[in-house]
Amino acid sequence: MKTDSLFYRIFQTAPTIFFELIGQPMQEGYQFQSVELKQTAFRIDGVFLPPPEADNQTVYFVEVQFQKDPLLYHRLFAELFLFLNQNPNTVDWQAVAIYPNPNLEPEQTYLYRTLLASSQVQPIYLSELSSSSVELGIVELIL
């Protein structure tokens, strides 16, 4: 999908945009990658991996969703937990789902209610952003 590759390029070029989106200070040394998981043909939109020496060892999973997908959370959490299974030294994680607006978020979320209610899963709605920086203004242009 075109928006996936666009966000991939944006996050590769300016990772500060991602951290600003989630309201966290920029974490130095993070690298944004597309990670393919073994055994299954899962491909996560993107993963921010911390440098080994960083104090904050949170791995950030990014899903960019610009079309309706009722199975989004099924896929996201399957990919995420497969990654954790294959990377048992992961210290902490956070999932961020980026939507153009809340209407595209899946409606059937009961299976994942505990995860979705936790601070480990954060939806971002681009239509609800208030441009506080040039970087976020660039992301808003995608809408």
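Everything in the sequence shown is counted per our numbering, starting at 177 for the first residue and increasing by one. Backbone N, C-alpha and C define an ideal beta-carbon position, used for all residues, glycine too.
Close Cβ partners of residue i (< 6 Å) along its chain, the five nearest in sequence each way excluded
| i | result |
| --- | --- |
| Pro227 | Gly205 |
| Val238 | Asp221, Gly222 and Val272 |
| Met177 | In this prediction, Met177 has a pLDDT of 47, which is less than 50 and means its spatial position is unreliable; what the coordinates show is noted afterwards. Taken in chain order, the list of residues that qualify is empty. |
Residue i (DSSP reduced to helix, strand or coil)
| i | result |
| --- | --- |
| Asp231 | coil |
| Gln262 | helix |
| Ala271 | strand |
Residues near residue i by beta carbon distance below 7 Å, same chain, minus five either side
| i | result |
| --- | --- |
| Glu281 | Tyr275 and Pro299 |
| Ala230 | Gln203 and Gly205 |
Straight-line gap, residue i to residue j (C-alpha atoms, nearest Å)
| i | j | result |
| --- | --- | --- |
| Val297 | Gly199 | 13 Å |
| Arg320 | Thr290 | Past the edges of the chain, shown from 177 to 319, lies residue 320, and the structure says nothing about it. |
| Asp180 | Leu305 | 19 Å |
| Phe194 | Leu248 | 20 Å |
| Phe253 | Val272 | 11 Å |
| Tyr288 | Leu256 | 13 Å |
| Thr189 | Leu197 | 15 Å |
| Arg251 | Ser309 | 32 Å |
| Phe208 | Phe242 | 20 Å |
Cβ-heavy atom distance, residue i to the ligand GDP, below 7 Å
| i | result |
| --- | --- |
| Asn232 | Only the bare structure without any ligand can be found here, which leaves the ligand GDP out of the picture. |
Residues that DSSP places opposite residue i in a beta bridge
| i | result |
| --- | --- |
| Ile198 | Ile198 pairs with nothing; no bridge assigned. |
| Arg219 | Glu212 |
| Pro299 | Ala273 |
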